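Residue numbers (UniProt numbering): 1 to 274. Every residue, glycine too, gets a C-beta built ideally from N, C-alpha and C. Note that the structure is predicted; figures quoted are calculated from it, not measured.
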């Protein structure tokens, strides 16, 4: 059974983050990385900073690539955008991923709102990028680069900092296995519940794993990360059974539901805001 793995990048980045993954994954996994407006191939479009608009945009993109069983993986901000996309697909089209992966991202239940990023001075944005240490100093001094990058980063930082988890009474958790991944030296892993609280986002099996490295273990531990994703997704795929086909206009595939499993143990500047 082939599975479409929809991948979402971290703040400030594009789908290019995943450009090499297709060659590193087994043939039964087809990678489709998505860009939000303002990023990558959609860089000419205004960046979005409101969650309903993000969900709308990702819903449209996801429906273009789903033609059967699918899974979702999001890194940093991508874990939040992927979660919103998953809920939108379920609510609007009856489509449920057979697996969800969240990496380098504090769980929705552990987030503290901060609505300052859209209007803060450029100097504050630059200072934050410098603190994060992932943007070359020469770029931080390049006014042309900053004029292009800061509007996108403001929008992304704002999305991450204003994410509010809906109460379970208003929105049921996903019904698929969920794997949460963190970096041992990432400040997001300093408090264990930042990862473990992702268990609240699924009614099925939950697993977490921590890798050596900081926030960007997607680079420093890429082989181990991909191996963990493949192993977890393979387990979820063996448990998956197709639900009764639903009529979806323009969607050739059917919805898939997953059985529960037991719990166990780029382009542009990079962002830590997740």
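- Taking a cut-off of 8 Å for Cβ pairs, the segment 56-76 and the segment 141-149 do not touch, as fewer than three such pairs fall below it.
- With 16 or more other Cβ atoms from the protein chains shown falling within 10 Å of its own Cβ, residue 88 counts as buried.
- Look at residue 88 here: in three-state DSSP terms it is helix.
- Residue 126 and residue 68 have their alpha carbons spaced roughly 43 Å apart.
- Taking 8 Å as the cut-off, the beta carbon of residue 156 is found no closer than this to the beta carbon of residue 85.
- Using a Cβ-Cβ distance cut-off of 8 Å, the segment 94-114 and the segment 197-204 are in contact, since at least three pairs of beta carbons, one from each stretch, lie closer than that value.
- Just measuring C-alpha positions, the residue of 90, 149, 5, 193 sitting nearest residue 74 is 5.
- The Cβ atoms of residue 153 and residue 40 lie no closer than 8 Å to each other.
- Taking the CA atoms as reference points, residue 181 sits about 26 Å from residue 50.
- For residue 194, the uninterrupted alpha helix (DSSP H) run begins and ends at 193-196, by DSSP.
- Note that the C-beta distance between residue 174 and residue 202 is below 8 Å.
- Beyond the five residues adjoining it in sequence on each side, residue 57 comes within less than 7 Å, by CB distance, of 36, 37, 48 in the same chain, given in chain order.
- The three-state reading of DSSP puts residue 31 in strand, counting E and B together.
- Judged by DSSP in its simplified three-state form, residue 164 adopts coil rather than helix or strand.
- The beta carbon of residue 54 lies closer than 7 Å to those of 36, 48, 81, 84, 159 in the same chain, with the five residues before and after it left out.
- Taking a contact as a CB-CB distance under 8 Å, the pair residue 183 and residue 205 does not count as one, their CB atoms being some 23 Å apart.
- In this model, residue 193 and residue 211 are separated by some 16 Å (Cα to Cα).
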